[in-house]
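In this note's numbering, the protein residues as written are 5 to 96.
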């Protein structure tokens, strides 16, 4: 199993960060058929066959932790790069 862990610091409001996380989840849904569900007001769970993870809002930081199954492992670099770029753009 392959993992992706990314963190991005920010100075945005919680509402702005929540909106960005929902936008990221929508992008993942569109590109990889990932479903997203809020577990709490700070944690968004992502799931699909071959992908499990969480987007977490911390004070001044957003963390992404994903586990990729064997079939999704070849897409690790692409997924990581897309997430990193989107987070840097929207949280900078």
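We put the CB at the ideal spot given by N, CA and C, even for glycine. Values in this document were obtained by computation on a predicted structure and should not be read as measured data.
- Going by DSSP, residue 29 is part of the alpha helix (DSSP H) stretching over 18–36.
- For residue 85, there is no enclosing beta strand (DSSP E); the residue is found in the alpha helix (DSSP H) stretching over 80–95.
- The beta carbon of residue 72 sits closer than 8 Å to the beta carbons of 5, 6, 7, 8, 54, 55, 79, 80 and 83 from its chain, once the five residues preceding and following it are set aside; these are given in chain order.
- Considering only 69, 46 and 34, the residue with the shortest C-alpha distance to residue 23 is 46.
- Burial is judged here by how many other beta carbons sit within 10 angstroms of a residue's own beta carbon; residue 92 has fewer than 16 and is exposed.
- The C-alpha of residue 57 is placed about 12 Å away from the C-alpha of residue 43.
- 96 is the residue among 77, 96, 88 and 28 whose C-alpha sits nearest the C-alpha of residue 64.
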